[in-house]
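When you read off a place in the sequence shown, starting at 1, and then add 1, the result is the number in our numbering. Here the structure is laid out as structure tokens; the discussion comes afterwards.
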Amino acid sequence: MRSFIILPLLLCAVGLLALDTNNPPVCQDNPGLQGTNVVGQVLTSTVGTWTDAETPVSSLTFAYQWWRADNNAGLNAAAIPGATGSTYTVSAADSGKALRLEVLCTDTGYGTAPPATTTAFTRGGVAAGDTAAVPLVTSSLTATGVVGDAFSYQVVASNSPLNYVIVNLPAGWTTNGTGGISGILPAAGMYGITIVLNNVAGSSSAVLSITTHDPVPTPNPNPTPTPVTSSSSSGGGGGCNAGAGAGLLLGLLSFAGFRRRRE
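Okay, structure coming up:
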């Protein structure tokens, strides 16, 4: 009789143990990465698609570890110290390397069973980065303007500069810290402004050449007529003309008298 009592109890205990078995999460679709493996750029991960027999997906927790390798096949792969977030900023040490992300998914356990963790790597990782990732000015480096006019210029550059250094500015000109330059164009001439860009890969410099010229005079659409003046005065000219006329008259009278005496 006692054996009939013990056997059901053993079967019940085995059943309880079976109920407390926790299945680990299952990765249905591996995590992915968004971004470009270029020094200074930020890579962002997606956790992928997961399921769990006992735990709602909303209760799953995720941990991250970024890895660096010599190629996309994972040669000499090693975990990057401290790189345990869902995003990662590509550093100078990653130049020419391949990157991938390890995602660890853990459930909350079931009954008395402990939590379980599953590891999944990103699909294929991110290919080796660009070794020439220093920032370069891509906006035009020549400009012209008229003396006294307001001038503004915005530096446009590649590879995400972390800071902009602008030197040799004309007196009174200002910068905004992100490549913006403004001021009033000075006296006619040529001015060179040096632009220095930096990021974790290094720095580069370029010179912005500005040529200024004086304003072009605007023609008067209604010019004032210039008065014409005589070369001789009215009084002096009149006396001279009168004297010449009197002389001519006396000459004619004398010639007439001479002819009468001969006759």
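Beta carbons: idealized from backbone N, C-alpha and C, even for Gly. Computed from a predicted structure; not experimentally measured.
Own chain partners of residue i with C-beta closer than 7 Å, once the 5 adjacent residues on each side are dropped
i	result
Thr175	Ser183 and Gly184
Thr195	Val168, Asn169, Ser206 and Val208
Ala151	Ile185
Val156	Val138, Ser140, Tyr165, Gly180 and Ile196
Phe5	Confidence in Phe5 is poor, its pLDDT being 49 and thus under 50, which makes the residue's placement unreliable; the coordinate value appears in the next sentence. Hits under 7 Å: none found.
Thr212	Thr145 and Met191
Unbroken beta strand (DSSP E) run spanning residue i, endpoints
i	result
Ile185	Gly181 to Ile185
Ser205	Gly203 to His214
Tyr165	Asn164 to Val168
Leu44	Val43 to Thr47
Ala64	Thr62 to Ala70
Asp30	Val27 to Asp30
Leu34	Gly33 to Gln35
Ala144	Thr143 to Val147
Thr107	Ala99 to Thr107
Ala189	That residue, Ala189, is in no beta strand (DSSP E); it is neither H nor E in DSSP.
Ser153	Ala151 to Gln155
Tyr89	Thr88 to Thr90
Thr52	Thr50 to Thr52
Cβ neighbours of residue i in the same chain (closer than 8 Å, five flanking residues each side left out)
i	result
Ser204	Val135, Pro136, Val197 and Leu198
Thr132	For Thr132, the predicted model reports a pLDDT of 46, less than 50, meaning its position is unreliable; a value from the coordinates is still stated below. Around Thr132: Ser96 and Gly97.
Pro9	Confidence in Pro9 is poor, its pLDDT being 49 and thus under 50, which makes the residue's placement too unreliable to answer from.
Asn23	Glu55, Asp108, Gly110, Tyr111, Gly112, Ala114, Pro115, Pro116 and Ala117
Gly49	Cys28, Gln29, Asp30, Asn31, Pro32, Gly33, Val104 and Ala121
Thr85	Ala64, Tyr65, Gln66 and Trp67
Val58	Trp51 and Thr52
Member of the options whose CA lies at the smallest distance from the CA of residue i
i	options	result
Gly149	Phe63, Gly75, Ala188 and Gly180	Ala188
Phe63	Ile211, Thr119, Ala93 and Ala151	Thr119
Ala70	Leu102, Trp51 and Ala172	Leu102
Thr47	Asp53, Phe152, Pro216 and Asp30	Asp30
Gly83	Asn73, Thr109 and Trp67	Trp67
Val217	Cys106, Pro228 and Gly146	Gly146
Glu55	Thr85, Ala117 and Asn72	Ala117
Asn177	Pro171, Leu186 and Asn164	Asn164
Gly173	Thr179, Gly180 and Leu186	Leu186
Val327	Ser161, Ala151 and Val104	Outside the shown range of the chain (2 to 264) lies residue 327, about which nothing can therefore be said.
Ser210	Met191, Thr219, Asn200 and Asn223	Met191
Pro32	Asn221, Asp53 and Val104	Val104
Ile81	Asn72, Asn73 and Ala94	Ala94
Gln42	Pro171, Pro228, Asn200 and Thr225	Asn200
Pro171	Ser159, Ala158 and Gly193	Gly193
Sequence-distant residues of its chain with Cβ nearer than 6 Å to residue i (five each side left out)
i	result
Cys106	Pro26, Trp51, Leu61, Phe63 and Thr119
Val166	Val197
Ser153	Ser183
Leu44	Leu34, Gly36 and Tyr89
Pro226	none
Asn223	none
His214	Ala189
Per DSSP, the bridge partner or partners of residue i
i	result
Leu198	Tyr165 and Ser205
Ala94	Partner(s): none; Ala94 has no beta bridge.
Val138	Ala158
Ala80	Trp68
Thr175	Ser183
Should the segment 142-152 be called in touch with the segment 82-89, which here means at least 3 C-beta pairs below 8 Å? no
Check whether the segment 69-82 touches the segment 30-42, taking contact to mean three or more Cβ pairs, one atom from each stretch, closer than 8 Å. no
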